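Trainee:
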Amino acid sequence: MSTTTAPRRPTSRRIESGAMGQATARLQRALESAARESREKPVRFVCAAVPAPVAPVDAVLSGCAPALLWDPPGDEWSMVGMGSAARLDASPSQLDRLGRRSEELFASMVYRAPADAPSPRLFGGFAFAPAATRDPLWEPFGEGFFILPEIAYAQRDGEAWLSLTVQIGAWGCLSGTEATSSKERRRALAAFERVWSAVERARGISSSRLRAARPTSLVSLPVGHTSSTEGSCAAEGASHDGRPRIDHLGKAAWEQQVRAIREQIKQGACRKVVAARRSKVAFDSEIDVRLVLERLGHRFDECTRFALWSSAEADRSVFFGATPERLIRRVGSSVETEALAGSSARARGHALLESAKDRREHQVVVDGIERSLAPFCADLRSSLQPSLCDLPDVVHMRTSILGTLRASAHVLELVRALHPTAAVGGAPTSEAVRWIAEHEPAPRGWYSAPFGWFDASGDGDFVAALRSGVVRGSTAFVYAGAGIMEDSNAASEYHETELKMHAVLDALTSAAATTRAP
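Numbered as in my numbering, the sequence shown ends at 814 without a single skipped number.
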């Protein structure tokens, strides 16, 4: 991939109002330069990025129809992607194939942007395991896919970029008719300008002002119905008083599941299994996922927000969430991950650190991560003692783990080595995953699976897709899980899943209330 660099500009660069025409012209020149270079070597895509006004990604989401959102905490790039220049299907068992296909894709791209612009990235995720998608709910997503956005808006620390990626046939007129190429060129530039306009409208809106502009009070969670077997994918509609209908897995069914896992542990088949359950929430009108994501961002600013719209036109399902758990981040030779296991209500945070059961569960996760990364790393450094990850509804035990790679390893190789960790699957891994596939009442799909991005250099960032769910029209499906050990108490573990599920359920009901408000 060819890159033309320019001197680093101040991150507080000022974009003059009415600069859309200048930005479009600059973008066209960069794409045309890339297209000319393509005549000398095989190229499928050309991509260019230009500086853009700074706006919260939430505001950009409200002004366009996005394909994805990636919004991590801290000083990393937050990104919104619209459209799909390319899509690579994948599955948890085909990461090698995904890596090869992505190398071919990036090698067939010419990129024009200053050095401080973020590189082109593929965004997406996988199913938890091959059997995890045996449910109509997950058909639009399949076992996994990654997209290269046609238009990407990236923002961090007072700096923003807007990029456009197009197929060379449309831009360089190397295939098809001139009329077809010209039409596609106009369409792509019009899409770019629509997103630029949405960013300009939101220009100058700070995240705090955006929060203040919309009500953020959380709506108390109304439970319309509880059943022992959560319903099918079809929405049954809200209750007669306008409140959403919520179907949970009943406590009796959960207790039976926990007893079965504990029996497996006593027989020596495994040491831990992470049990998950699903709740279905039916509203009387279509759910605005953008408002749901805003609510999650307001309350869980230390979590990574993510969303991926399915590409099926007939079924615009959205997989979304706000997860506290990073699976793996690679930047050059440095890797960063964490063990996040052991949970309780916030009031019992210090008791959590003193709980022998939870400390054992946590150490199983730490040991498993270190064993998985050891073959790749010249050194691994983990916290001597776990700390508390303090979230509004729940606290977790967390151990940070840092490493240095002994040789080049693509982030996908590290994902394959780590997933599923004992925090989301159990231990030993194969036995725990087999139990989940055979006995879990609702297939978990992409819940708790890897979700993230990677680029041409093999750098990338993946999270475990917790605190997540799927929106399908007026119906949402929300997931939560808990690690079951030999001495686990079913009632306590059910309460833990309630605490974890509360974040997404509250965001859904709060967004719905805002939509209904005059």
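Yeah, the Cβ is synthetic: ideal placement off N, Cα and C, and Gly gets one too. In this text the structure is predicted, and so the values were computed from the model without any measurement.
Check for me: the alpha helix (DSSP H) holding residue 659 runs from which residue to which?
Mentor: Looking at the DSSP string, the run of the alpha helix (DSSP H) that includes residue 659 is 652-669.
Trainee: So is residue 627 buried or exposed if we call it buried at 16+ other beta carbons inside 10 Å?
Mentor: Label assigned to residue 627: exposed.
Trainee: Quick one: give me the first and last residue of the beta strand (DSSP E) that residue 781 is part of.
Mentor: Residue 781 -> no beta strand (DSSP E), and no H or E assigned at all.
Trainee: Measuring alpha carbon to alpha carbon, tell me which residue in 618, 686, 355 is nearest residue 499.
Mentor: The shortest C-alpha separation from residue 499 is found at 355.
Trainee: What's the gap between the Cα of residue 459 and the Cα of residue 375?
Mentor: Straight-line Cα distance between these residues: approximately 11 Å.
Trainee: Mind checking which residues open and close the beta strand (DSSP E) that includes residue 692?
Mentor: Per DSSP, residue 692 belongs to the beta strand (DSSP E) from 691-701.
Trainee: Name the residue from 391, 656, 323 whose alpha carbon lies nearest to the alpha carbon of residue 344.
Mentor: If we check each option's Cα against that of residue 344, 323 comes out closest.
Trainee: Measure the C-alpha to C-alpha separation of residue 689 and residue 732 and round it to an integer number of angstroms.
Mentor: Spanning the two alpha carbons is a distance of roughly 26 Å.
Trainee: Mind checking whether residue 676 and residue 684 have CB atoms under 8 Å apart?
Mentor: Not in contact: residue 676 and residue 684 (Cβ atoms no closer than 8 Å).
Trainee: Could you tell me whether the Cβ atoms of residue 754 and residue 704 are closer together than 8 Å?
Mentor: In contact: residue 754 and residue 704 (Cβ atoms closer than 8 Å).
Trainee: Please report the straight-line C-alpha distance between residue 672 and residue 708, rounded to a whole angstrom.
Mentor: Taking the straight line from one Cα to the other gives about 12 Å.
Trainee: With a threshold of 7 Å, establish whether the CB of residue 428 neighbours any heavy atom of the ligand ZN.
Mentor: As for the ligand ZN, it is missing from this structure, which has no ligand bound.
Trainee: Which residues mark the beginning and the end of the beta strand (DSSP E) in which residue 600 is found?
Mentor: From DSSP, the beta strand (DSSP E) with residue 600 extends over 600-605.
Trainee: Answer yes if the stretch 743-761 comes into contact with the stretch 543-557, meaning at least three C-beta pairs across the two stretches below 8 Å, and no otherwise.
Mentor: The stretch 543-557 is not in contact with the stretch 743-761.
Trainee: Does the distance from the CB of residue 617 to the CB of residue 450 come in under 8 Å?
Mentor: Cβ distance not < 8 Å, so residue 617 and residue 450 don't count as in contact.
Trainee: Since residue 387 and residue 444 are thought to touch, with beta carbons under 8 Å apart, how far apart are those beta carbons, to the nearest angstrom?
Mentor: Actually they do not touch by this definition, with Cβ atoms about 19 Å apart.
Trainee: With a Cβ-Cβ cutoff of 8 Å, do residue 586 and residue 357 count as a contact?
Mentor: A contact, by the Cβ cut-off of 8 Å.
Trainee: Could you tell me whether the stretch 420-427 touches the stretch 388-397, where touching means 3 or more Cβ pairs closer than 8 Å?
Mentor: These segments touch.
Trainee: Using the Cα positions of residue 348 and residue 592, report the straight-line distance between them to the nearest angstrom.
Mentor: Rounded to whole angstroms, residue 348 to residue 592 spans 26 Å at the Cα level.
Trainee: State the DSSP-derived secondary structure class of residue 529, mapped to helix, strand or coil.
Mentor: Any answer about residue 529 is weak, because its pLDDT of 39 lies below 50 and its placement is not dependable; what the coordinates show is given next. It is coil, neither helix nor strand.
Trainee: What residues match up with residue 746 in a beta bridge as DSSP calls it?
Mentor: Looking at the DSSP assignment, residue 746 forms a beta bridge with 760.
Trainee: So what's residue 571 in DSSP terms, helix, strand or just coil?
Mentor: Correct three-state label for residue 571: strand.
Trainee: Among 382, 568, 740, which residue has its Cα nearest to the Cα of residue 783?
Mentor: Minimum Cα distance to residue 783 is reached at 568.
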